[in-house]
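Take a look at the structure set out below.
Structure (structure tokens):
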């Protein structure tokens with residue numbers, strides 16, 4: 290990998306590599322965004338782990354694929370740790386983590402997929418791409434973006450947040466990830482996963498609907514499923530049931 294893409298939160302116990310979804314400020318060698326620092330530190334404290342937050346490259350080459358992205362991560366993780374590590378991916382980071390486990394099984398010890406599946410919803414992915422295109426043109430993508438990740442009162446907050454960022458296009462790495470996931474589908478390869486896996490999703494997720502979450506958990510041999518009723522792409526990540534379930538899963542002794 291390039292661009293200095295790792296940030297670490299101290300903690301006891303074995304390392305946990307976290308691959309986040311879309312978000313600005315991916316170049317962690319320049320500055321770790323405050324929300325990323327808070328969330329990473331919270332994970333390190335809660336899980337008793339040394340958490341390594343790893344972002345995608347800030348300036349990827351044209352035509353980047355999810356397989357390319359997973360390959361860069363595999364090279365970095367093998368060089369850093371020299372042995373399989375626990376990997377938790379969220380949304381686009383979960384997609385990368387799944388591809389990593391498929392293409393480079395020697396890098397992953399346990400796999401946690403949060404609001405991610407072996408493919409995305411076609412309509413949701415088209416809307417996500419349209420959101421990036423509008424932002425690139427300096428136009429508001431608030432309605433599309435907020436509808437994709439939230440519902441109810443939270444959508445109003447997300448709508449406001451999108452409005453405040455109007456005219457600010459995504460980082461090249463973010464846009465490249467959105468483009469790469471269009472048509473991405475590894476459903477037929479799920480049986481190749483040979484590590485303990487936990488799949489977490491929400492029943493009101495428009496990008497990764499519950500049917501895709503269930504299908505992914507069913508396709509991975511021995512995988513666990515945590516489907517959170519009433520949760521969207523964003524709210525599933527803050528459900529109080531999610532963190533204890535992940536903590537318990539990661540704490541289980543190796544088979």
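Numbering (the numbering used here), first residue to last: 290 to 544. For each residue, glycine too, the CB sits at the ideal point set by N, CA and C.
Could you tell me which uninterrupted alpha helix (DSSP H) segments, each at least 4 residues in length, are contained entirely in the stretch 373-452, listed from first to last along the chain?
381-392, 411-425 and 431-438
So, do the stretch 474-492 and the stretch 404-416 have three or more beta carbon pairs nearer to each other than 8 Å?
yes
Please determine, among 479, 498, 377 and 429, the residue with the shortest C-alpha to C-alpha distance to residue 342.
377
Contact between the stretch 377-396 and the stretch 352-362 is defined here as three or more beta-carbon pairs at a separation below 8 Å; is this criterion met?
yes
What number of angstroms, rounded off, separates the C-alpha of residue 539 from the C-alpha of residue 531?
12 Å
Residue 474 burial status per 10 Å Cβ neighbour count (16 or more: buried):
exposed
Evaluate the contact criterion for the stretch 515-530 versus the stretch 418-427: three or more CB pairs, one atom per stretch, below 8 Å.
no
Taking the alpha carbon of residue 466 as the point to measure from, which residue in 479, 414, 430 and 510 has its own alpha carbon closest?
414
Residue range of the unbroken alpha helix (DSSP H) whose run includes residue 341
Here residue 341 belongs to no alpha helix (DSSP H); instead the beta strand (DSSP E) covers 339-343.
With a Cβ-Cβ cutoff of 8 Å, do residue 418 and residue 482 count as a contact?
no
With C-beta atoms as the reference, is residue 495 less than 8 Å away from residue 375?
no
Would you kindly report the start and end of the unbroken alpha helix (DSSP H) that includes residue 503?
499-508
Using the DSSP secondary-structure output, state which residues sit across from residue 474 in a beta bridge.
408
Alpha carbon to alpha carbon, what distance is there between residue 513 and residue 332?
20 Å
State buried or exposed for residue 434, treating a residue as buried only when at least 16 other CB atoms are found within 10 Å of its CB.
buried
Could you tell me whether the Cβ atoms of residue 307 and residue 366 are closer together than 8 Å?
no
Whose CA, out of 520, 459, 541 and 344, lies closest to the CA of residue 437?
520
Alpha-carbon to alpha-carbon, residue 379 and residue 468
17 Å
DSSP three-state assignment for residue 492, whether helix, strand or coil:
coil
Which residues in the same chain as residue 463 place their Cβ atom closer than 6 Å to its Cβ, once the five residues preceding and following it in sequence are excluded?
311
May I ask you to report which of helix, strand or coil DSSP gives residue 513?
strand
Residue 363 versus residue 369: straight-line alpha-carbon distance, rounded:
10 Å
Sequence-distant residues of the same chain with beta carbon closer than 6 Å to residue 302, five excluded per side:
337 and 338
Given residue 522, which residues of its chain have a CB within under 8 Å of its CB, disregarding the five upstream and five downstream residues?
380, 404, 437, 438, 439, 491, 494, 495, 496 and 497
Within its chain, find whatever has a CB closer than 6 Å to the CB of residue 517; leave out the 5 residues flanking it on each side and keep chain order.
491, 525 and 528
Excluding the five sequence neighbours on either side, which residues of its own chain have a C-beta within less than 7 Å of the C-beta of residue 354, listed in chain order?
469
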